[in-house]
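Asks:
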Amino acid sequence: MNQLAQSPGDERFVLNLGPQHPATHGVLRVKLVMDGEYIVEAEPVLGYIHRMHEKMGENRTWAQFLPNTGRMDYLHALAYNLNHCCLVERALGIEVPERAEYLRVIMTELNRISSHLLWFGAFVLDLGGFSPLLYAFDDREQILDLLETATGSRLTYCYFRFGGLYNDVDENFVPGARAFVARMRERMPMYHALVTKNIILVKRLKDIGFVDAEMCRKYGATGPVARGAGLAYDVRRHEPYSVYDRFDFDVPVYHEADSMARYMVRMDEIIESLRIIEQALDGLPEGPVMAPKVPKSVKPPKGDYVHAVETARGLLSFRAVSDGSGTPWRLKLRTPCFSNLLVFGEACRGMLLPDALALMGSLDLVIPDIDR
Amino acid sequence: MDTAQLEQRLAALPGAKLTVKDHARQGVHLEAALAPETLVEAVEIMDCAGYFLETVTGIDWLGEQEALRKEVLAAREAKAKAKAKAAAEKAKAAKEAHDAAVEAALAAGETPPPAPEPEPEPQAAPEPEIPVLEDSMEAVYDFNRYPTKGDGCRQGLHRVALRVRVPRSHPEVPTIQHLYPVAHWHERETHDFFGIRFAGHGYLIPLLLPEDADYHPLRKDYGA
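First to last, the protein sequences are chains A and B. All the letters of the first sequence, read from the start, carry residue numbers 1 to 372 under full-length UniProt numbering. All the letters of the second sequence, read from the start, carry residue numbers 1 to 224 under full-length UniProt numbering.
#1: Is there at least one Cβ from chain B nearer than 7 Å to A/G47's Cβ?
#2: How far does the alpha helix (DSSP H) with B/A125 in it reach, from first residue to last?
#3: Identify the residues that DSSP records as bridge partners of A/H307: which are they?
#4: Shorter than 7 Å from the beta carbon of B/G200 to some beta carbon of chain A?
#5: Is DSSP giving A/K293 helix, strand or coil here?
#6: Taking all protein chains shown into account, decide if A/S362 is buried (16 or more other Cβ within 10 angstroms of its Cβ) or exposed.
#7: Would you report the Cα separation of B/K81 and B/A87, rounded to the nearest angstrom?
#8: How many angstroms separate the CA atom of A/C216 from the CA atom of B/R188?
#9: Between the Cα of A/G350 and those of A/L201, A/I208, A/L331, spot the shortest distance and give me the residue it belongs to.
#10: Using a Cβ-Cβ cut-off of less than 8 Å, list which residues of the region 126-151 of chain B approach chain A; keep chain order.
#11: Note down, in chain order, each residue of its chain lying with its Cβ closer than 8 Å to the Cβ of A/P285, except the 5 sequence neighbours on either side.
#12: In terms of alpha-carbon separation, which member of A/I94, A/A122, A/M188 lies closest to A/G26?
#13: Beta-carbon within less than 8 Å of A/Q20's beta-carbon, same chain only, minus the 5 sequence neighbours each way: which residues are those?
#14: Around the C-beta of B/R154, are 16 or more other C-beta atoms found within 10 angstroms, so that it is buried, or is it exposed?
#15: Among A/M72, A/Y38, A/I39, whose alpha-carbon lies nearest the alpha-carbon of A/M52?
#16: Would you call the region 297-310 of chain A in contact with the region 82-95 of chain A, where contact means no fewer than 3 C-beta pairs closer than 8 Å?
#17: Please report the Cβ distance between A/R319 and B/D142, rounded to the nearest whole angstrom; I am assuming they are in contact, meaning their Cβ atoms lie under 8 Å.
#18: Which residue wins for smallest C-alpha separation from A/V96, given the options A/V298, A/I271, A/P292?
#19: Going by Cα to Cα distance, which pick from B/M46, B/E117, B/R219 is closest to B/M137?
#20: Would you kindly work out how many angstroms separate the C-alpha atoms of residue 231 of chain B and A/K332, rounded to a whole number?
#21: A/M34 lies in the alpha helix (DSSP H); which residues open and close that run?
#22: Rounded to the nearest angstrom, what separates A/D35 and B/A139 at their Cα positions?
#23: Which two residues bound the contiguous beta strand (DSSP E) that contains B/V56?
#24: B/Y180 versus chain A: which residues are under 7 Å apart at the beta carbon?
#25: Below 8 Å CB to CB, which residues in the same chain sit around B/G63 once its five sequence neighbours on both sides are set aside?
#26: Just the C-alpha distance for A/V343 and A/S322, rounded to the nearest angstrom, thanks.
#27: List, in order along the chain, the chain B residues whose C-beta lies closer than 8 Å to that of A/L357?
#28: Nearest-angstrom Cα distance between A/A257 and A/L205?
#29: May I have the straight-line CA-CA distance separating B/G152 from A/L231, to the nearest angstrom?
#30: Roughly how many angstroms separate the alpha carbons of B/Q65 and B/E71, rounded to a whole number?
#31: Return the bridge partner residues of A/T26 from the DSSP annotation.
#32: Mind the definition here: the region 107-115 of chain A touches the region 138-154 of chain A only if three or more C-beta pairs lie below 8 Å; say whether that holds.
#33: In angstroms with no decimal places, state the Cα-to-Cα distance between B/Q26 and B/V20.
#34: Please report the Cβ distance between B/H201 and B/T175, rounded to the nearest whole angstrom; I am assuming they are in contact, meaning their Cβ atoms lie under 8 Å.
#35: From B/G15 to B/R197, what does the alpha carbon distance come to, in whole angstroms?
#36: Work out the CA separation of B/V56 and A/G220 for me, nearest whole Å.
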């Protein structure tokens with residue numbers, strides 16, 4: 001931060017980062033005021049992939065909105081799917097069968113790992129390391145295959161329904177998921193040896209890109225960004241939904257608040273997700289995957305409903321206002337990346353541009369999730 | 001500051017109306033309907049209590065007053081109908097009683113009692129006119145908090161929603177971006193979608209809509 005003080009800003013210029021830039025992973029534009037290689041001011045410019053999902057929500061039935069949910073954060077689509085289902089189930093008071101709940105947890109956690117793996121690959125790629133991406137995609141492919149057989153899609157899933165699941169899994173799913181858990185456990189030490197302990201990575205991330213706890217609170221940052229700043233906040237633990245309160249898992253917390261801390265949180269979360277998947281597979285009950293008597297046309301009673309879940313990027317919450325008809329009166333989508341990106345504007349002040357890009361990568365932004 | 005203290009301080013604001021909600025049913029613990037003038041003060045209380053601002057949004061209540069008026073009218077009509085029915089039944093019962101008395105008197109050879117005077121209709125006070133109120137626009141501020149050390153994860157759970165209603169023709173609420181910098185974007189987004197002005201914001205240019213957008217797509221009277 002102090003370098004700025006040493007050079008009075010008479011050599012300032014404006015630099016446009018994006019909207020098409022490999023480091024922004026999508027159509028995000030950041031207007032940077034630069035002083036040489038140092039950032040003086042950064043203003044993210046949004047809206048390049050704004051699709052007005054909230055208006056679409058008001059023009060569709062509650063069920064017709066389900067495919068939209070998978071298209072905001074396309075890397076963790078199932079969590080968004082799950083949130084919309086849980087919201088409507090809360091409003092209608094539908095009990096979901098045990099088997100469906102367990103499968104929901106397994107699928108959502110698999111999806112979370114696939115999201116973290118993609119982030120890991122892309123993040124290290126941003127920092128100049130190409131080969132980890134290939135390893136990560138190899139593992140991610142296993143998850144996509146598993147999810148594809150069950151859900152029929154590979155990215156923008158729409159698998160959960162109000163009251164349960166679209167269909168049950170086949171007999172290969174459970175052994176397949178177990179094999180993946182075993183495989184991923186073996187791979188993690190390799191990732192740490194290949195990437196985490198790499199001196200170049202450490203020098204790029206350690207003690208750089210501070211986002212501390214108070215900054216998180218002022219900006220409403222959640223997920224790995226908050227947990228990397230010492231805040232043990234996880235919706236799965238803090239405000240349990242589905243059957244998450246039955247599983248034994250830790251919430252990884254790092255207090256360094258730098259880019260490395262956020263990296264470590266996500267790496268540890270992969271392990272925790274594996275633990276949850278393993279317990280859910282062990283306890284997976286037999287039975288139906290759809291609640292009986294779910295009405296064909298869903299009409300939640302008049303009122304306001306809020307439901308939140310923990311996605312790979314943080315707190316996702318939907319606030320719905322129902323007027324008792326078949327379409328929502330209002331559907332507000334609070335996405336985690338929106339708040340997490342705004343942190344960037346403040347945190348990158350006074351940083352070198354390449355370090356700021358590392359910081360941006362460590363925030364794990366998905367642009368359609370911000371623009372909605 | 002614990003929950004009880006927070007509730008107390010919010011309830012002490014002039015015009016505030018607190019409702020405790022059932023989290024399992026609605027996903028919120030506490031809702032506070034506030035007057036726009038007290039919003040900044042309320043947000044200061046939330047800030048002191050260590051909450052983070054989850055989101056800000058708007059709700060357009062176009063047609064709400066008309067629906068309420070219809071409800072009142074329907075209730076009135078139902079009441080009048082019930083009253084008329086009760087009066088008719090009463091008259092019928094009186095007539096039957098009189099007929100029975102006449103019959104009994106005739107059988108005993110006495111003079112039948114004279115017919116009772118029909119009870120005068122009680123003059124109903126004229127129902128007051130229902131004024132057609134203006135529909136409102138609402139800004140909703142969702143607060144949440146991180147678990148703090150020592151209070152265990154579950155007890156820390158507390159979601160608070162602050163709700164401010166302003167008239168649709170003049171939708172203006174004070175900005176809170178000096179307290180929560182993230183409100184800078186949330187307020188811009190809410191202004192984009194609903195046209196709610198945030199007094200003192202100073203930079204209400206479109207955030208998600210095109211930069212020359214002069215329409216507010218989530219207003220209920222917005223037509224493409």
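Positions of the beta carbon are idealized from the N, C-alpha and C atoms, including for glycine. All figures in this text were calculated on a predicted structure; none of them were measured in a lab.
Replies: According to the structure data:
#1: As a working mapping, residue 47 of chain A is identified with position 47 in the first sequence. For A/G47, the answer is yes, since a Cβ of chain B falls inside 7 Å of its Cβ.
#2: Within the second sequence, residue 125 of chain B is the residue found at index 125, counting from 1. Note, B/A125: premise wrong, no alpha helix (DSSP H); not H, not E.
#3: As a working mapping, residue 307 of chain A is identified with position 307 in the first sequence. Paired residues: A/F318.
#4: Position 200 of the second sequence, counted from the start, is the residue given in the question as residue 200 of chain B. By this cut-off, B/G200 is not an interface position.
#5: The residue given as residue 293 of chain A occupies position 293 in the first sequence. Coil, per DSSP.
#6: Looking up residue 362 of chain A in the first sequence gives position 362. Counting Cβ neighbours within 10 Å, A/S362 comes out buried, since at least 16 surround it.
#7: Within the second sequence, the letter at position 81 stands for residue 81 of chain B. Within the second sequence, the letter at position 87 stands for residue 87 of chain B. Going by C-alpha positions, B/K81 is about 10 Å away from B/A87.
#8: Translated into the one-based positions of the first sequence, residue 216 of chain A becomes position 216. Translated into the one-based positions of the second sequence, residue 188 of chain B becomes position 188. Our two residues, A/C216 and B/R188, have alpha carbons roughly 20 Å apart in a direct line.
#9: Residue mapping note: residue 350 of chain A aligns to position 350 of the first sequence, counting from 1. For the residues A/L201, A/I208, A/L331, the minimum Cα distance to A/G350 belongs to A/I208.
#10: Going along the region 126-151 of chain B in chain order, one finds V140, D142, N144, Y146, P147 with a Cβ nearer than 8 Å to chain A.
#11: Here residue 285 of chain A is taken as the residue at index 285 of the first sequence, counted from 1. Cβ within range, chain order: E98, R99, Y102.
#12: Residue mapping note: residue 26 of chain A aligns to position 26 of the first sequence, counting from 1. Scanning A/I94, A/A122, A/M188 for the CA closest to the CA of A/G26 turns up A/A122.
#13: Within the first sequence, the letter at position 20 stands for residue 20 of chain A. If we look at A/Q20 and ignore the five residues flanking it on each side, its Cβ neighbours are V27.
#14: For the purposes of this step, residue 154 of chain B is identified with residue 154 of the second sequence, where counting begins at 1. Reliability of the predicted coordinates at B/R154 is poor, the pLDDT of 47 falling under 50, and no value is obtained from them.
#15: By 1-based counting over the first sequence, the position of residue 52 of chain A is 52. Answer by Cα proximity: A/M72.
#16: Under the three-pair Cβ rule at 8 Å, the region 297-310 of chain A counts as touching the region 82-95 of chain A.
#17: Along the first sequence, read from residue 1 onward, the residue named residue 319 of chain A stands at position 319. Along the second sequence, read from residue 1 onward, the residue named residue 142 of chain B stands at position 142. Here A/R319 really is in contact with B/D142; their C-beta atoms are around 7 Å apart, less than 8 Å.
#18: Numbered from its first residue, the first sequence carries residue 96 of chain A at position 96. The shortest C-alpha to C-alpha distance from A/V96 to any of A/V298, A/I271, A/P292 is the one to A/P292.
#19: Stepping through the second sequence from its first residue, residue 137 of chain B is reached at position 137. Sorting B/M46, B/E117, B/R219 by C-alpha distance to the C-alpha of B/M137 places B/R219 at the top.
#20: A query on residue 231 of chain B cannot be resolved here, the shown segment of chain B reaching from 1 to 224 and no further.
#21: On the first sequence, residue 34 of chain A is found 34 positions in, with the first residue counted as 1. No alpha helix (DSSP H) contains A/M34, which is instead part of the beta strand (DSSP E) from 29-35.
#22: Walking along the first sequence from the start, residue 35 of chain A turns up at place 35. Walking along the second sequence from the start, residue 139 of chain B turns up at place 139. Approximately 40 Å, taken between the alpha carbons.
#23: Position 56 of the second sequence, counting from 1, holds the residue named residue 56 of chain B. Looking at the DSSP string, the run of the beta strand (DSSP E) that includes B/V56 is 52-60.
#24: Within the second sequence, numbered from 1, the residue matching residue 180 of chain B stands at position 180. Result: K218.
#25: In the second sequence, the residue the question calls residue 63 of chain B occupies position 63. By the criterion of a C-beta distance shorter than 8 Å, B/G63 is surrounded in its chain by D135, K220, once the five residues flanking it on both sides are discounted.
#26: Here the question's residue 343 of chain A lines up with position 343 in the first sequence. Here the question's residue 322 of chain A lines up with position 322 in the first sequence. Rounded to the nearest angstrom, the two C-alpha atoms are 33 Å apart.
#27: Here residue 357 of chain A corresponds to residue number 357 of the first sequence, with the count starting at 1. Among the residues of chain B, none has a CB under 8 Å from the CB of A/L357; the nearest is roughly 21 Å distant.
#28: Here residue 257 of chain A refers to the residue found at position 257 of the first sequence. Here residue 205 of chain A refers to the residue found at position 205 of the first sequence. Here the C-alpha atom of A/A257 lies approximately 11 Å from the C-alpha atom of A/L205.
#29: The residue labelled residue 152 of chain B in the question sits at position 152 within the second sequence. The residue labelled residue 231 of chain A in the question sits at position 231 within the first sequence. Any reading at B/G152 must be qualified, since the residue scores a pLDDT of 46, below 50, and its modelled position is unreliable; the value itself is stated next. Spanning the two alpha carbons is a distance of roughly 13 Å.
#30: Position 65 of the second sequence holds residue 65 of chain B. Position 71 of the second sequence holds residue 71 of chain B. For B/Q65 and B/E71, the distance between alpha carbons rounds to 10 Å.
#31: Mapped onto the first sequence, residue 26 of chain A falls at position 26. In the sequence under discussion, the amino acid at residue 26 of chain A is Gly, which differs from the Thr named in the question. Note: A/G26 sits in a beta bridge opposite A/H21.
#32: Three or more beta-carbon pairs separated by less than 8 Å link the region 107-115 of chain A to the region 138-154 of chain A, which places the two stretches in contact.
#33: Looking up residue 26 of chain B in the second sequence gives position 26. Looking up residue 20 of chain B in the second sequence gives position 20. Looking at the two C-alpha atoms, the distance is approximately 11 Å.
#34: The residue given as residue 201 of chain B occupies position 201 in the second sequence. The residue given as residue 175 of chain B occupies position 175 in the second sequence. Your pair B/H201 and B/T175 checks out as a contact, with CB atoms roughly 4 Å apart and the cut at 8 Å.
#35: On the second sequence, position 15 is the one that residue 15 of chain B refers to. On the second sequence, position 197 is the one that residue 197 of chain B refers to. For B/G15 and B/R197, the gap between their C-alpha atoms comes out near 21 Å.
#36: Sequence index remark: in the first sequence, residue 220 of chain A carries index 220 (1-based). Sequence index remark: in the second sequence, residue 56 of chain B carries index 56 (1-based). Approximately 11 Å between the Cα atoms of the pair.
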